[in-house]
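Enquirer: This is the structure I want to talk about, given as structure tokens.
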């Protein structure tokens, strides 16, 4: 009986591994036990702005937290000049406009949080990093998988920022090339 149970567990493990490889999933962190089922994909660069000394980068990853899907957003800004603080609050949201005309909204559900500040003494740059999770309704996952992204708007308290998403992005800041418009199409199967 023990051999049968071990064989079943081994087979399920191989099947899960094969499905993850078929989907080309890139998983950053995963924990599964009796009380926790958490999976996070690696960060993907979806937007970059690079002008002389000022840069900003937007990274997305997907999280499945006990069956609840979230969009993890990391917004990095770097400049020798002062960078205004960026925060998210209960009414903050990310609106995702798809190529097919559909708009999906992900809502921030956590406590108010602001970007962390650090100073790069060597390059004399101010750096702000905002990291937040936005809840995606399960019924919206199928819509996000059906069409590429065209635009993303992040609504912060008192302001908003619009990001035009390109089909292919070759980073000028880091040695990286991504296909941002395909983010949800490529990554949703990895957290389902």
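In mature numbering (1 follows the signal peptide of the UniProt record, and there is no 0), the protein residues as written are -20 to -1, 1 to 172.
All C-beta atoms, glycine included, are put in the ideal place defined by N, C-alpha and C.
Starting from residue 168 and walking both ways along the alpha helix (DSSP H), at which residues does that stretch end?
Expert: Within the chain shown, numbered from 1, the residue matching residue 168 stands at position 188. Its alpha helix (DSSP H) spans residues 163 to 171.
Enquirer: Thinking C-beta only, is residue 53 closer than 8 Å to residue 74?
Expert: The residue labelled residue 74 in the question sits at position 94 within the chain shown. The residue labelled residue 53 in the question sits at position 73 within the chain shown. Yes, the Cβ-Cβ distance between residue 74 and residue 53 is below 8 Å.
Enquirer: Exposed or buried, what is residue 103 when buried is set at 16 or more other beta-carbons lying within 10 Å of its beta-carbon?
Expert: Start at 1 with the first residue of the chain shown, and residue 103 comes out as number 123. By the neighbour-count rule (16 or more Cβ atoms within 10 Å), residue 103 is not buried but exposed.
Enquirer: Can you list the beta strand (DSSP E) stretches of 3 or more residues lying completely in the region 120 to 164, in chain order?
Expert: You should have 129 to 136, 139 to 144.
Enquirer: Let's test the definition: count the other Cβ atoms within 10 Å of the Cβ of residue 1 and tell me whether it reaches 16, buried, or not, exposed.
Expert: Residue numbering aside, residue 1 sits at position 21 when the chain shown is read from its first letter. Residue confidence for residue 1 is low, a pLDDT of 42 falling below 50, so the modelled location carries little weight; the figure read from the coordinates is stated next. It counts as exposed.
Enquirer: Tell me the DSSP secondary structure of residue 70 in three-state form.
Expert: Walking along the chain shown from the start, residue 70 turns up at place 90. Of the three classes helix, strand and coil, the one that applies to residue 70 here is coil, per DSSP.
Enquirer: Alpha carbons only, please: which of 114, 105, 21, 87 is nearest the one belonging to residue 4?
Expert: Along the chain shown, one-based indexing puts residue 4 at 24. Here the closest residue by C-alpha is 21.
Enquirer: Pairs of beta-carbons, one from the region 46 to 65 and one from the region 101 to 115, closer than 8 Å: are there three or more?
Expert: Because the criterion of three Cβ pairs below 8 Å is met, the region 46 to 65 and the region 101 to 115 touch.
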